[in-house]
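Just so you know, the sequences run in chain order A and B. So the first sequence is residues 1322 to 1763, counted in my numbering. So the second sequence is residues 260 to 429, counted in my numbering. Quick reminder that beta carbons are idealized off the backbone N, C-alpha and C, glycines included. Notes for the one structure printed next.
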Amino acid sequence: MSGGPRILTARWGKPDSASLESYRKDGGYRALEKALSMEPAAVVDEVKRSNLRGRGGAGFATGLKWSFLPKDVRPRYLTVNADESEPGTFKDRYILEHDPHQLIEGIAITCWANDIHLAYVYVRGEFARQTRILERALEEARAAGLIGPRLGGKKDFGLEIHLHRGAGAYICGEESALLESLEGKKGYPRLKPPFPAVVGLWGKPTIINNVETLANLPFIVEHGGEAFAALGTAKSGGTRLYCVSGHVKRPGVYERPVQQNLKKLIFEDCGGIVGDRQVKAVIPGGSSAPVLSAGEIDVSLEFDALKAAGTMAGSGGIIVFDESACMVRALWRITRFYAEESCGQCTPCREGVPWMEGVLEKLEAGHGERADLEKLDQLAGNIMGQTICALGDAAAMPVQSFVKKFRDEFARHVEERRCPFGDHAWGLEQSSRPALVGEVVY
Amino acid sequence: MNDFPLAAAEPLAREKIEEFDRQVAAIVRRYPPERKAAALLPVLRLAQESFGRLSPEVQQLAASRLGVSPARADEVATFYVMFHTRPVGRHLVELCTNVSCCLTGSERIWQHLKKKLGVGPNQTTADGRITLREVECLGSCGTAPAMLVDEEMHERLTVEKVDEILGRLS
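Take a look at the structure:
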């Protein structure tokens, strides 16, 4: 199943891969040593040259993000976003499970490059096992003197890395809500600007990067930014961890170049659609990304390419629906998620998303009217862009795209006064299949 | 259910409080000395593990150790789904019914769980053994369906596998 370069998944599945000993045997922490022999600014330049873009969802250029830190304000902090909870996304957890030292080395490099001496990893509360593994890896790194009062055991540069475990709230994956939660509050997103790089944790300049983003840094430092950039497109370097779930024969996590073709990923890497049915719809970047219909999936998964296709690469969570699944049921469930997870701070989101959910429930039950389709579109339009954070948009985008692209199916629910899929709204083959995660079979 | 009257509550055991305080001290060290309040989430988690649930007295205890108001502790305790202010059963069974889990059979498992346990969502079996909850995406979409049992993840579920897991619970 191997398909091209493996930066992040190379060590997954090796015996005891999460241990320091095994990581070191494979050359681990050599990149940190190299970074420490470089000027911090030179490390930042290398990251800029790599064209690394944030893997959490927004796809913002990492080197550029770092450069927004004000020059003369200290302390600065690093916060690692391990609050992986966008439906359809399941990659960061495997980095934590299989190769936590790769992340720790990435954190250490980032802190050296940006003169940061205190970092927090915000792990979602539901990741009990991943938290234990990372905690153990951090203890190993401390005991070995890699982090602590002398970074890498050499420099007169202290770095503390701590875990901060969440307690169950999707909104805390939003970077400013994450900061609030880290400060010991409920996760209410902050108004931006100012952005966290200027006013972040405890009011100080703060970098917030996703786990996968930082796990790329050892490779970038060791092999140079250009080598990383060469794997991708002109504006986007490296590989991505694509999480594929739903009606594919072989779901899982696939490390492929950032410009991997979506159709190829589904039909070659994942073996095609279960039961050899036709594909009906694909969500390409987590459940908030506008849905693609079957005719639109011959597209590159690169950030700008998907943007041009009217959707987004988001968090790399790809959910595949075959022809036997009901799009109204799917959208209802997605919308229920955002209604449940709205923090309640902004009225359009707090009131509008549950309203959309109610309309969708009615449609799926066969009690809808034609006018409900217009109502959904109008509600989504009144939420879009009207809220402090992107959760409102995240709820509106699926509604707009599903109603537009599968309008006939919504209309059939109205005309037939029932769900045409009956008891099989989630498809004819609702079964769990072995997953391929890197090269590991689950 | 009335959670409010403080006077009627049973006092928290002194030994438990002492052990709690020792562990709070270790947690607080992870944050800058002037930022103790940041430890509220981990301290509430510890309090829940130590005393069973975040009753008003327990919230107040946690708040007092960090110098934050009881109102702030309550605000946080009620915001996050993993915190329990109301009593829960000895075991917590939480099934994900988000899209990827439903596409692989989670709805069937949900119906089965409700029928087998004889409870609805957020209800506890009469013997106080199991509280059933429906939860949002657990990040196990490739190995769906998934559920948490007492915060430990179980994946690639089938009805048979769920029965086996429930059978092991005391």
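Judged by DSSP secondary structure, A/A1440 falls within the beta strand (DSSP E) whose first and last residues are L1439 to V1444.
In terms of CA proximity to A/G1521, A/L1500 leads the group A/G1505, A/L1500 and A/P1510.
Residues of chain A whose Cβ lies closer than 9 Å to the Cβ of B/E410 are, in chain order, G1446, E1447 and A1449.
For A/F1723, no CB of chain B lies under 8 Å from its own CB, so it is not counted at the interface with that chain. Residue state for A/Y1563 is assigned as strand, using DSSP reduced to three classes. Taking the C-beta atoms as reference points, A/L1484 is found nearer than 8 Å to A/E1456. CA-CA distance, A/Q1721 to A/L1697, rounds to 8 Å.
Taking a beta-carbon distance threshold of 8 Å, A/K1628 does not count as an interface residue toward chain B.
Put simply, of A/P1510, A/V1758 and A/V1603 the residue whose alpha carbon is nearest the alpha carbon of A/F1723 is A/V1603. A contact between stretches requires three or more CB pairs, one per stretch, nearer than 8 Å, and the region 293-303 of chain B meets this requirement with the region 321-336 of chain B.
Interface with chain B (8 Å Cβ-Cβ cutoff): A/W1747 is included. Runs of the alpha helix (DSSP H) lying entirely within the region 1347-1411 of chain A and spanning at least 4 residues, in chain order: 1351-1357, 1361-1371 and 1383-1388. Per the coordinates, the alpha-carbon of A/H1438 lies some 50 Å from the alpha-carbon of B/Q370.
Residues of the region 1536-1568 of chain A with a C-beta less than 8 Å from any C-beta of chain B: C1564, V1565, S1566, G1567 and H1568, listed in chain order. Annotation for A/S1566: G1409, F1411, P1572, G1638, I1639, I1640 and V1641 place their beta carbon closer than 8 Å to its own, counting only its chain and skipping 5 residues before and after. Taking C-beta separations shorter than 6 Å and ignoring five residues to either side along the sequence, the partners of A/A1756 in its chain run P1572, G1573 and Y1763, following chain order. The beta carbon of A/R1376 lies closer than 6 Å to those of N1531, E1533 and T1534 in the same chain, with the five residues before and after it left out. About 13 Å separates the beta carbon of B/C355 from that of B/L391, a gap too long to meet the 8 Å contact definition. Here A/D1643 is bridged, per DSSP, to A/V1600.
The straight-line gap separating the alpha-carbon atoms of A/V1761 and A/W1333 is approximately 7 Å. Unbroken beta strand (DSSP E) stretches of 3 residues or longer found wholly inside the region 1582-1640 of chain A: 1600-1604, given in chain order.
Contact of B/V340 with chain A by beta-carbon distance below 8 Å involves A1488, G1489 and A1490. In the three-state DSSP reduction, A/Y1575 falls in the strand class (E or B). In the three-state reduction of the DSSP assignment, A/Q1580 falls in the coil class.
In this structure, the alpha-carbon of A/L1552 lies about 44 Å from that of A/E1672. When Cβ-Cβ separations below 8 Å define contact, A/S1609 makes no contact with chain B. At a cut-off of 3 residues, not a single continuous stretch assigned as beta strand (DSSP E) sits fully inside the region 1706-1730 of chain A. Chain A places a beta carbon closer than 8 Å to that of B/V358, counting this residue as a contact. Note on the region 314-384 of chain B: whole beta strand (DSSP E) runs with a minimum of 3 residues are 350-355, in chain order. Counting only runs of 4 or more residues that sit fully inside the region 1524-1559 of chain A, the alpha helix (DSSP H) segments are 1532-1536, 1538-1544 and 1546-1551, in chain order.
The beta-carbon distance between A/P1510 and A/S1497, rounded to whole angstroms, is 5 Å. This is short enough to meet the 8 Å contact definition. Cβ proximity to chain A below 7 Å picks out R289, R294, A296, A297, A298, L299, L300 and P301 from the region 276-302 of chain B. Across the region 1398-1425 of chain A, CB contacts with chain B closer than 7 Å involve E1405, S1406, P1408, G1409, T1410, F1411 and R1414, in sequence order along the chain.
In its chain, beyond the 5 residues on either side, A1732 and V1735 have a beta carbon closer than 8 Å to the beta carbon of A/R1691. For B/I389, no alpha helix (DSSP H) encloses it; the enclosing beta strand (DSSP E) starts and ends at I389 to V394. Counting along the chain, A/I1492 sits inside no beta strand (DSSP E), nor does DSSP assign it H or E at all.
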